[in-house]
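Each remark here refers to the structure printed beneath this line.
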Amino acid sequence: MGAKLEMVLSVMHDPKSRCRSNEPAARMNYIMHIIIQSAKKRYYIVCYRTFNSVPNLVLFYLKHVLIFRSQVVQLANGIGLAPWEFRAENLQLEQLIRKFSCGEVVKGKVIRKDMAPVEVAVKTVAGRSQEAREKILELMAQCRMLNDLYHPCVVQFFGVCLIAQPSCFVFEFVPQGPLDEWLRANKGLKRDELLLMIVSAGWGLEYLHQNSILHTDIAAKNCLYDGQFVRFSSKEIGANEAWGREKPRRHCAYCPWIKLQPEFSIDKLVKLSGFGRARKATTYTMKAARKMSNRWMAPESVQAFRFTQKSDVYGYGILIYEVFAVKEPYEGLSNVDARTLLLSCNYDCSFRQILENDTPDFPGVALKKLTEMVKEKMWALDPDKRSDMRQLMIWMQEYTGMGLQIVGGETCVTATVQQKVDNLLSKDVELQSLPNFKEPGLKTPTKLKKKKN
1 MGAKLEMVLS VMHDPKSRCR SNEPAARMNY IMHIIIQSAK KRYYIVCYRT
51 FNSVPNLVLF YLKHVLIFRS QVVQLANGIG LAPWEFRAEN LQLEQLIRKF
101 SCGEVVKGKV IRKDMAPVEV AVKTVAGRSQ EAREKILELM AQCRMLNDLY
151 HPCVVQFFGV CLIAQPSCFV FEFVPQGPLD EWLRANKGLK RDELLLMIVS
201 AGWGLEYLHQ NSILHTDIAA KNCLYDGQFV RFSSKEIGAN EAWGREKPRR
251 HCAYCPWIKL QPEFSIDKLV KLSGFGRARK ATTYTMKAAR KMSNRWMAPE
301 SVQAFRFTQK SDVYGYGILI YEVFAVKEPY EGLSNVDART LLLSCNYDCS
351 FRQILENDTP DFPGVALKKL TEMVKEKMWA LDPDKRSDMR QLMIWMQEYT
401 GMGLQIVGGE TCVTATVQQK VDNLLSKDVE LQSLPNFKEP GLKTPTKLKK
451 KKN
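Throughout the sequence shown, residue numbering follows full-length UniProt numbering, covering 1 to 453 in sequence.
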């Protein structure tokens, strides 16, 4: 049996006013945690005084002192839910998306009186087993990390509901679901759509690195594909006009005053998800062994369980491979064989064959540049020889002509995807390379002179 979940009443108890700091770490020493017991549908702190509900218990002790462990405790000012904490009645669970160990992912809605319902994806964890408890702790760690991140290419965290069963973790709903499943179900996609996939994923990863967050598990299965991102015209509506005089709120889904008008189309962006192994750090060495996906990992991560921003860059190169190959790296090989092949770095032929021979819609010149970039600046065996995400995105944006303009500041994100027509790959335009990176020379076919009769 796993540990039983308990209901706890936490009280700031400092009768002698010893705590003079407002820092949470210092105040933690003066917080008293009182377990609310239950038996036969009655709730109590001391066994001789029971109540039919927890609210009635709290109301009673607001008016009467509580003797707990020889301490006189007086409830004073209640602390309400944080903006990211939902009540059970605010969540409407609907369609099952998928199941995982001790939980489910469900499509649902956030319902509040002052706004229209918002579609969300809800991860639910039920039960009181040790596995469920560990999963809740893992998801809470993810939520704390995502709470301050606002970017159109990173899945948005909305909040949690932990005051009822099952425990619910509320995220942005991304219609098309996992990228790997979308690619397998929709083959023959246009070139620009594939390019926007890899560029938007790069924007998201660059943003994580700017915030000193390592993803450590970049893969198509950990990306979500969004088909509901509207392209707006930045020429017609500027940032000041879009936002007016209102103070931006936390989530763009809850900002009814944004009156940007769609220009002509819907862009489909990739959003990074799957933050189960993410860390707030620039370097991380895994201490305890756990199940890993070797075929998506950088060689140094496989050998020493060491993760850095450069190992994320390696994973980004693998993601590019997945998008164009529409299959997992080292598909058909066992994990042991894939690990051996990975450490020998014998991936060049497979990648080049996929890009140059199996996708005739791609121009050969463009593919050659992209292939060389992945090989030399993402898959280098020495991490120091790999580019960082900022350098890569400078090159990618020049290569594709695609750029992302974020409007609205740090607390609410609306974005514009722009593409320079004169830089489209279909025109085979020469594109800027990274500093200190020499592009391979392009060989043009010589014209045959016609013999005069």
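Heads up, the beta-carbon is just placed ideally off N, CA and C, and yes, glycines get one too.
Identity of the residue in the options nearest residue i by Cα
{"i": "M297", "options": "R20, V326, A380, V160", "result": "A380"}
{"i": "K187", "options": "L341, S334, F324, A141", "result": "F324"}
{"i": "L146", "options": "F305, A88, G276, K99", "result": "G276"}
{"i": "K63", "options": "R184, A76, K327, P175", "result": "A76"}
{"i": "M393", "options": "L195, P166, M28", "result": "L195"}
{"i": "T124", "options": "P383, G204, E138", "result": "E138"}
{"i": "I218", "options": "K190, C168, A278", "result": "A278"}
{"i": "R144", "options": "E85, F68, D180", "result": "E85"}
{"i": "A288", "options": "R306, S273, L205, R295", "result": "R306"}
{"i": "S38", "options": "I67, M7, E206, R98", "result": "M7"}
{"i": "K221", "options": "Q74, R87, D382, P329", "result": "P329"}
{"i": "L179", "options": "C168, P15, G274, K113", "result": "G274"}
{"i": "S334", "options": "S293, Q309, T308, K369", "result": "S293"}
{"i": "A126", "options": "V155, L149, C161", "result": "C161"}
{"i": "Q130", "options": "V54, C102, I67", "result": "C102"}
{"i": "G204", "options": "I163, V46, C223", "result": "C223"}
{"i": "K16", "options": "L183, V73, W182, E104", "result": "V73"}
{"i": "C168", "options": "V54, E193, E206, V122", "result": "V122"}
{"i": "W182", "options": "R191, R128, Y225, K190", "result": "Y225"}
{"i": "K327", "options": "R184, I79, R128, R49", "result": "R184"}
{"i": "F68", "options": "R87, G78, C47, H215", "result": "C47"}
{"i": "Y207", "options": "M115, V155, E300", "result": "V155"}
Residue i, enclosing alpha helix (DSSP H) - first and last residue
{"i": "R133", "result": "130 to 146"}
{"i": "P117", "result": "Unbroken run through P117 is the beta strand (DSSP E), 115 to 125; no alpha helix (DSSP H)."}
{"i": "I198", "result": "191 to 210"}
{"i": "Y399", "result": "389 to 400"}
{"i": "A304", "result": "299 to 304"}
{"i": "Y61", "result": "54 to 63"}
{"i": "L343", "result": "335 to 344"}
{"i": "E181", "result": "179 to 185"}
C-beta atoms of residue i and residue j nearer than 9 Å
{"i": "G159", "j": "V170", "result": "yes"}
{"i": "H33", "j": "Q71", "result": "no"}
{"i": "T285", "j": "A304", "result": "yes"}
{"i": "N52", "j": "Y43", "result": "yes"}
{"i": "K271", "j": "V118", "result": "no"}
{"i": "V199", "j": "T371", "result": "no"}
{"i": "H151", "j": "R390", "result": "no"}
{"i": "L404", "j": "C153", "result": "yes"}
{"i": "I45", "j": "L59", "result": "no"}
{"i": "P383", "j": "K310", "result": "yes"}
Endpoints, the beta strand (DSSP E) within which residue i is located
{"i": "E322", "result": "Taken as a continuous stretch (DSSP letters only), E322 belongs to no beta strand (DSSP E), being part of the alpha helix (DSSP H) at 309 to 325."}
{"i": "L9", "result": "7 to 12"}
{"i": "C168", "result": "167 to 172"}
{"i": "A39", "result": "31 to 39"}
{"i": "F157", "result": "157 to 161"}
{"i": "T285", "result": "283 to 285"}
Cβ shell of residue i (< 8 Å), same chain only, five flanking positions each side left out
{"i": "V374", "result": "G317, I320, Y321, F351"}
{"i": "E89", "result": "I111"}
{"i": "K41", "result": "N52"}
{"i": "K109", "result": "L91, Q92, E94, P117, V118, E119, V120"}
{"i": "S10", "result": "I31, M32, H33, I34"}
{"i": "S212", "result": "K280, A281, T282"}
{"i": "I36", "result": "E6, M7, V8, L9, Y43, Y44, I45, V54, L57"}
beta-carbon residue i near the ligand NAP non-hydrogen atom, thresh 8 Å
{"i": "I31", "result": "The ligand NAP is absent from the structure shown, which contains no ligand whatsoever."}
Cβ neighbours of residue i in the same chain (closer than 7 Å, five flanking residues each side left out)
{"i": "Y314", "result": "A298, M378, W379, R386"}
{"i": "C19", "result": "A26, R27, Y30"}
{"i": "F157", "result": "C143, L146, N147, F171"}
{"i": "D337", "result": "none"}
{"i": "L149", "result": "N211"}
{"i": "R339", "result": "N294, V302"}
{"i": "L96", "result": "E104, V106"}
{"i": "E23", "result": "none"}
CB contact check: residue i to chain B, cutoff 9 Å
{"i": "Q391", "result": "This model lacks chain B altogether; it includes just one protein chain."}
Strand pairing of residue i, partner residues [DSSP]
{"i": "S273", "result": "Looking at the DSSP assignment, S273 forms no beta bridge with any residue, so it has no partner."}
{"i": "G108", "result": "L93, V120"}
{"i": "C19", "result": "Bridge partners of C19: none, in fact."}
{"i": "L224", "result": "P178, K271"}
{"i": "T371", "result": "Answer is none; T371 lacks a bridge partner."}
{"i": "F86", "result": "DSSP lists no partner for F86."}
{"i": "I218", "result": "According to DSSP, which records beta bridges pairwise, I218 is partnered with nothing at all."}
{"i": "K280", "result": "K280 pairs with nothing; no bridge assigned."}
{"i": "W98", "result": "The sequence shown places Arg at residue 98, rather than the Trp named in the question. Answer by DSSP bridge pairing, in chain order: V105."}
{"i": "Y43", "result": "S38, F51"}
6 Å CB neighbourhood of residue i in its chain, flanking five on each side removed
{"i": "R98", "result": "V105"}
{"i": "L57", "result": "Y43, F51"}
{"i": "K135", "result": "C102, V125"}
{"i": "L81", "result": "none"}
{"i": "D192", "result": "none"}
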